[in-house]
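Colleague: Sharing a structure below in structure tokens format, with a few things to ask.
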Amino acid sequence: MERERETSLADFQARVAFAFQNPALLREALTHSSLMNECPDLGILDNQRLEFLGDAILDFLVGEWLFDRYPDA
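Throughout, our numbering is defined as the position within the sequence shown, counted from one, plus 29.
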């Protein structure tokens with residue numbers, strides 16, 4: 030199963046024409062939390078941590094843009 034996952038990640042990278050430097054981080058980003066409920070023994074991380082970080086960064090950037098764009102609001 031591990032070999033299939035690695036092949037799938039390689040196929041994904043080929044399709045998007047981008048080679049990710051950290052395949053483990055890519056695997057984490059593409060792993061939905063529902064998989065962990067179905068297969069907890071896989072020993073891989075789901076994307077919840079990265080989703081939280083991404084949301085925080087987007088919140089910051091949008092907030093900064095709004096403050097710059099509408100300083101009197």
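Note that CB positions come from ideal geometry on N, CA and C, so glycine has one too. Because the structure is a prediction, the values reported are computed rather than measured.
#1: Closest to Leu-55 by C-alpha separation, out of Cys-68, Glu-80, Asp-70 and Glu-67, would be which residue?
#2: Which residues in the same chain as Gln-42 place their Cβ atom closer than 7 Å to its Cβ, once the five residues preceding and following it in sequence are excluded?
#3: Note down, in chain order, each residue of its chain lying with its Cβ closer than 7 Å to the Cβ of Leu-64, except the 5 sequence neighbours on either side.
#4: Whole angstroms are fine: how far does the CA of Asp-101 sit from the CA of Phe-46?
#5: Just how far apart, CA to CA, sit Leu-71 and Thr-36?
Modeller: This is what the structure gives:
#1: Minimum Cα distance to Leu-55 is reached at Glu-80.
#2: Result list for Gln-42: Ala-48 and Phe-49, in chain order.
#3: Shown here for Leu-64: same chain residues with a beta carbon closer than 7 Å to its own, the five before and five after excluded, namely Asp-75 in chain order.
#4: Reading off the sequence shown, one finds Ala at residue 46, where the question assumed Phe. If I take the Cα positions, the gap works out to 44 Å.
#5: The alpha-carbon atoms of Leu-71 and Thr-36 are separated by roughly 17 Å.
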